[in-house]
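Here the structure is laid out as structure tokens; the discussion comes afterwards.
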Amino acid sequence: MILVTGGAGFIGSHTCLKLLEGGYEVVVVDNLSNSHTESLERVKKITGKDLAFVKADCCDEKAMDEVFSKYNIDGVIHFAGLKAVGESVQKPLEYFSNNLNSSLVLLRVMKAHGVKRLVFSSSATVYSADNTMPLNEECKTGNCTNPYGWTKYMSEQIFRAACVADPSLTVVLLRYFNPVGAHPSGLIGEDPKGIPNNLMPYVSQVAVGKREYLTVFGDDYDTEDGTGVRDYIHVEDLARAHLCAVSYSEKSEPGCEVFNIGTGKGSSVLDIVKAFEKASGRKVPYKIGPRRAGDLATVYAGTEKAEKVLGFKTEYNLEQMCRDAWNWQSKNPDGYNK
Ligand code: NAD
Ligand code: UD1
């Protein structure tokens with residue numbers, strides 16, 4: 132059985148679906164601080180399969196110990212965490228406390244119960260700003276520009292150190308680029324609270340009429356059209372990457388390995404606007420605003436290692452990402468609040 136922490140969230144729910152489809156048994160632990168159990172109800176509906184759910188905080192060692200005692204867990208995928216970059220600047224202690232303690236508690240409880248395999252949600256944000264593209268796993272990390280980024284950087288260090296201390300432990304660190312889109316059914320998707328920080332959910336809300344226009348954060352970057360370029364990856368592909376990571380961890384030598392999970396292709400903000408307009412048949416009005424602090428001109432992944440070692444290659448293109456994001460947004464204009 133796989134324990135999925137944060138499994139009710141955006142990436143977690145899509146991954147639970149893929150795990151169930153792949154024949155795995157799943158137990159989700161989530162404190163629902165940024166999600167609804169409705170996402171899991173819909174996962175069950177799509178797959179016709181059941182999963183176990185425990186409402187608990189991953190920093191609560193006693194609760195986690197009970198989960199490991201009750202279920203026969205052979206591996207963990209650790210999604211649980213706070214992820215809003217701006218909020219992490221306002222509330223750094225909450226971010227360090229939640230994101231680091233959850234990793235520490237998991238490692239302790241895994242050790243106590245003899246569980247040896249873990250896949251961790253890291254982020255491209257751990258790379259320093261002074262690398263050249265594409266980013267490969269050997270590129271420089273650190274110099275993070277916000278507490279959220281540091282929590283991912285520090286968690287990576289914690290997992291590496293734990294693997295050195297326990298040579299029977301396997302940890303797979305996945306550095307996600309920009310996850311977007313939704314399950315093609317339109318039943319599960321991204322449900323951000325309040326004003327979305329990220330581009331794709333913001334564009335979706337403009338297209339559906341919830342927000343008047345998009346502010347493009349700068350059009351004077353050294354890119355083809357002057358707007359920021361990122362590596363957007365369909366959440367369906369990303370979810371599948373976790374299955375590749377789980378099966379890799381089942382057969383690899385123990386130790387800590389890191390993989391970029393992206394498409395290797397960059398798209399600009401205006402590429403996204405155009406692709407979304409095409410997919411939705413709606414206008415996405417935008418205004419050019421100033422640059423956002425901490426943003427880089429261009430970020431995209433080197434994908435060779437994930438292809439060679441995990442056997443993972445993305446399948447979805449930008450058009451499909453926008454089509455599925457729109458399908459979810461238009462069917463669920465208020466997310467899981469219906
Ligand atoms: P999400 O907020 O939708 O999912 C995270 C889930 O974790 C939520 O359901 C939340 O309720 C839960 N959670 C948070 N703290 C918890 C705790 N202490 N105990 C139990 N549950 C807790 O976010 P997501 O987009 O699905 O991201 C999943 C993971 O991937 C996060 O660790 C995030 O930092 C990382 N990540 C996300 C992105 C992205 O763009 N979405 C990019 C890189 C990395
Ligand atoms: C952001 C975070 C990063 C985090 C990632 C998660 C910052 C500085 N970086 O990355 O740490 O890991 O989300 O997915 O917050 N844009 C607009 N208008 C908007 C929103 C975004 O023009 O309203 C632009 C941005 O300037 C950027 C691109 O769209 O060029 C993508 O932005 P976003 O979706 O926030 O992702 P990242 O900046 O890559």
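Just so we're aligned, residue 132 is where the sequence shown starts under the working numbering, counting upward by one.
Virtual Cβ for every residue (Gly too), placed ideally from N, Cα, C.
Note that the structure is a prediction, hence the values are computed from the model and not measured.
Tell me which residue opens and which closes the alpha helix (DSSP H) that residue 368 is part of.
366-382
In the structure shown, what three-state DSSP assignment does residue 284 receive?
The three-state reading of DSSP puts residue 284 in helix, counting H, G and I together.
Go ahead and label residue 351 buried or exposed: buried means 16 or more other beta carbons lie within 10 angstroms of its beta carbon, across all protein chains shown.
exposed
Candidates 146, 179 and 191: which alpha carbon is nearest residue 162's?
191
May I ask which residues mark the beginning and end of the beta strand (DSSP E) holding residue 406?
Not the beta strand (DSSP E): residue 406 falls in the alpha helix (DSSP H), residues 400-411.
Contact test: residue 211 Cβ vs the ligand NAD heavy atom, cutoff 6 angstroms
yes
How would you label residue 104, buried or exposed, when you count the other beta carbons within 10 angstroms and need 16 or more for buried?
No information on residue 104 is available, as it lies outside the stretch 132 to 469 that the chain covers here.
Is residue 137 near the ligand NAD - that is, is its Cβ less than 6 angstroms away from at least one heavy atom of it?
yes
Excluding the 5 residues preceding and the 5 following residue 413 in the sequence, name in chain order all residues of the same chain whose CB lies nearer than 6 angstroms to its CB.
338
Just tell me which of 378, 365 and 236 has its CA closest to the CA of residue 303.
378
Residue range of the beta strand (DSSP E) that residue 334 falls in?
Unbroken run through residue 334 is the alpha helix (DSSP H), 330-338; no beta strand (DSSP E).
Rounded to whole angstroms, what's the CA-CA distance from residue 228 to residue 418? Just pull it up for me.
C-alpha separation (whole angstroms): 37 angstroms.
Those runs of the beta strand (DSSP E) which lie wholly inside the region 206-271 and span at least 3 residues:
206-209 and 248-254
Hey, would you say residue 368 sits closer than 7 angstroms to residue 447, going by beta carbons?
yes
Identify, in the order they occur along the chain, each residue of the same chain with its Cβ nearer than 7 angstroms to the Cβ of residue 260, setting aside the five sequence neighbours on each side.
274 and 427
Answer with yes or no whether the minimum CB distance from residue 247 to chain B is below 7 angstroms.
In the displayed structure, chain B is absent; only one protein chain is listed.
Cβ of residue 335 within 7 angstroms of Cβ of residue 451?
no
By the DSSP assignment, the beta strand (DSSP E) with residue 183 in it spans what residues?
183-186
Could you tell me which whole alpha helix (DSSP H) segments of length 4 or greater appear in the region 293-318?
none
Do residue 324 and the ligand NAD come close, with the Cβ less than 6 angstroms from some heavy atom?
Distances taken from the Cβ of residue 324 to the heavy atoms of the ligand NAD include none shorter than 6 angstroms.
May I ask whether a heavy atom of the ligand UD1 can be found less than 6 angstroms away from the beta carbon of residue 173?
no
Using the Cα positions of residue 175 and residue 169, report the straight-line distance between them to the nearest angstrom.
When rounded, the separation of the alpha-carbon atoms in residue 175 and residue 169 is 10 angstroms.
Taking 6 angstroms as the cut-off, is the beta-carbon of residue 348 closer than that to any non-hydrogen atom of the ligand UD1?
yes
Relative to the ligand NAD, is the shortest distance from any of its heavy atoms to the C-beta of residue 233 smaller than 6 angstroms?
For residue 233, the shortest C-beta to heavy atom distance toward the ligand NAD is below 6 angstroms.
Best match in 262, 238 and 177 for proximity to residue 432 [C-alpha to C-alpha]
262
Which residues DSSP lists as bridging residue 161, in chain order
186
Would you identify the three-state DSSP class for residue 142, choosing helix, strand or coil?
helix
Give every residue of the same chain whose Cβ lies closer than 8 angstroms to the Cβ of residue 272, excluding the five residues on either side of it in the sequence, and list them in chain order.
257, 258, 259, 284 and 287
Coarse secondary structure for residue 289, derived from DSSP in three states:
helix
Below 8 angstroms on the Cβ atoms is my contact criterion, and I expect residue 380 with residue 185 to pass it. Report the Cβ-Cβ distance as a whole number of Å.
Wrong, their Cβ atoms sit about 22 angstroms apart, outside the cutoff.
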